[in-house]
Amino acid sequence: MDLFEFLTDTTIGKCVFTMLVSMVPIIELRGGLPFGVALGLPYYLAFPAAVIGNLIPAPFIIVYIRRVFELMRRYMPRLNGLVDRLEEKAHLKSQAVQKYQYLGLWIFVAIPLPGTGAWTGSLVAAVLGMRLSRAFPAVIMGVLTAGCIMLALTHVGINLFAGAV
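Residue numbering for the sequence shown follows my numbering, starting at 308 and increasing by one per position.
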């Protein structure tokens, strides 16, 4: 059995594949959860796989992204434009979070729209200097809330398509 067969033909592989898709920026849980269900995972397995996959990068982003940006600026000056754009995006998004702090971070991460989610929320938390011990629970709550929203939307979408066929 090759890797692709493992990831698409076994339940454990489908869970791992769903976690990996959910770890990708922009796609995150919003794409990972429907992806897992489309692979054939039952909701009760697709949901935790997508949530865990989406949460894995968050603490590393909160703690290390500012140092990573510093190192990129110092040793890879060609990437300064990318770093500038990411920092600018985080500062723009942070205005929505700053007023309500951790509650704002939770709501920001919970909204399953492009430009929100665990990656951007964690970047915002890092830019605002939020401590991991307070920011990560807000990100977890946001991801769980987004997961519930996406679970409902995935269920409704599947039922709409199933009824149309």
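Ideal Cβ placement from N, Cα and C applies to all residues, glycine included. Please read these numbers as outputs of a predicted model, since none were measured by experiment.
| Query | Result |
| --- | --- |
| Any C-beta of chain C under 8 angstroms from that of Pro-366 | No chain C appears in this structure, which consists of one protein chain only. |
| Cβ pair Leu-439, Val-370 closer than 8 angstroms | yes |
| Same chain, Cβ closer than 8 angstroms to Leu-412, five either side skipped, listed in chain order | Val-404, Gly-428, Val-431, Ala-432, Met-437, Ala-442, Ala-445, Val-446 and Gly-449 |
| Helix, strand or coil at Thr-452 according to DSSP, with G and I counted as helix | helix |
| Chain-order list of residues whose beta-carbon lies under 8 angstroms from that of Ile-456 (same chain, five-residue window excluded) | Ala-417 and Pro-419 |
| Cβ-based burial, Val-358 [other Cβ within 10 Å; buried from 16] | buried |
| Same chain, Cβ closer than 8 angstroms to Gly-360, neighbours up to 5 away in sequence not counted | Thr-325, Met-326, Leu-327, Val-328, Ser-329, Met-330, Leu-336 and Gly-339 |
| Segments assigned alpha helix (DSSP H), at least 4 residues, entirely inside the segment 352-429 | 365-382, 387-405 and 408-417 |
| Opening and closing residue of the alpha helix (DSSP H) in which Val-328 lies | 318-330 |
| Cβ shell of His-398 (< 7 angstroms), same chain only, five flanking positions each side left out | Val-434 |
| Exposure label - Leu-378; buried when at least 16 CB within 10 Å | exposed |
| Selected residue, minimal CA-CA separation from Leu-352, among Val-323, Ile-368 and Gly-464 | Val-323 |
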